[in-house]
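Each residue of the sequence shown is one higher than the one before, counting from 0 in numbering that gives the first Met the number 0. Even glycine gets a Cβ: it sits at the ideal position worked out from N, Cα and C.
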Amino acid sequence: MTMLQAVTIASSNEHQAANIHTITDRKPNLKTAMLSLIEEVKAELPLYESETFICGPKGSCIGCSKKLLELVDSELVYWEHSIARGEAPNFEELRRFGKLCNSVRRGLQRNGLIEKR
């Protein structure tokens with residue numbers, strides 16, 4: 000092995016190690032992940048818009064949008080309060096809240112309250 004090959008290999012290994020270190024530095028903790036999920040939910044779902052607090056036209060809704068949004072809102076308020084008190088969610092709680100929000104978004108799409116992505 001020549002000196003140039005050794006330097007190139009060492010440089011390549013250092014670069015890969017730096018990339019791995021950079022990736023792990025950007026990974027959020029569970030508290031930060033939950034807060035960003037909450038902000039995304041507030042931006043995407045019409046939680047506090049008046050047209051979402053009425054039943055579907057002529058009873059044509061599939062799943063009650065009002066109840067679905069109330070469920071998301073209660074979970075959202077719970078997690079905001081818990082995080083403010085210093086409690087962080089675990090992976091299962093984060094996954095469950097994300098799954099709930101996705102399911103509610105699909106229900107709102109079926110009822111025509113939000114557009115499909």
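C-beta contact flag for residue 96 and residue 74 at 8 Å | Counting from one through the sequence shown, the residue named residue 96 turns up at place 97. Counting from one through the sequence shown, the residue named residue 74 turns up at place 75. In contact: residue 96 and residue 74 (Cβ atoms closer than 8 Å).
Buried or exposed: residue 101, going by 16 or more other Cβ atoms within 10 Å of its Cβ?
-> Numbered from its first residue, the sequence shown carries residue 101 at position 102. Looking at its Cβ environment, which holds fewer than 16 other Cβ atoms inside 10 Å, residue 101 is exposed.
Could you please give the first and the last residue of the uninterrupted alpha helix (DSSP H) stretch that includes residue 77?
-> Taking the sequence shown and counting its residues from 1, one reaches residue 77 at position 78. From DSSP, the alpha helix (DSSP H) with residue 77 extends over 64-83.
Top-ranked residue by Cα proximity to residue 44, from 88, 85, 34 and 67 | By 1-based counting over the sequence shown, the position of residue 44 is 45. Distances from the CA of residue 44 to each of 88, 85, 34 and 67 were compared; the closest alpha carbon is that of 67.
Quick one, are the C-beta atoms of residue 89 and residue 29 less than 8 Å apart?
-> Locating residue 89 in the sequence shown gives position 90, where the first residue counts as 1. Locating residue 29 in the sequence shown gives position 30, where the first residue counts as 1. Between residue 89 and residue 29, the CB-CB gap stays under 8 Å.
Coil, strand or helix - residue 110 by DSSP | Numbered from its first residue, the sequence shown carries residue 110 at position 111. Residue 110: coil per DSSP, three-state reduction.
Identify whether residue 98 lies in helix, strand or coil by the three-state DSSP scheme.
-> Stepping through the sequence shown from its first residue, residue 98 is reached at position 99. Reduced to three states, the DSSP call for residue 98 is helix.
Got a sec? Which residues, its chain only, sit under 8 Å from residue 99 by beta carbon, not counting five neighbours each side?
-> As a first step, residue 99 is located in the sequence shown; it is residue number 100 there, counting from the start. If we look at residue 99 and ignore the five residues flanking it on each side, its Cβ neighbours are 70, 71 and 74.
Residue 111 to residue 86 span [Cα, whole Å] | The residue given as residue 111 occupies position 112 in the sequence shown. The residue given as residue 86 occupies position 87 in the sequence shown. Straight-line Cα distance between these residues: approximately 36 Å.
If you draw a straight line from the C-alpha of residue 91 to the C-alpha of residue 37, how long is it?
-> Here the question's residue 91 lines up with position 92 in the sequence shown. Here the question's residue 37 lines up with position 38 in the sequence shown. Near 16 Å, if we compare the C-alpha coordinates of residue 37 and residue 91.
First and last residue of the uninterrupted alpha helix (DSSP H) at residue 61 = Residue 61 sits at position 62 when you count from the first residue of the sequence shown. Element bounds for residue 61: n/a, residue is neither H nor E.
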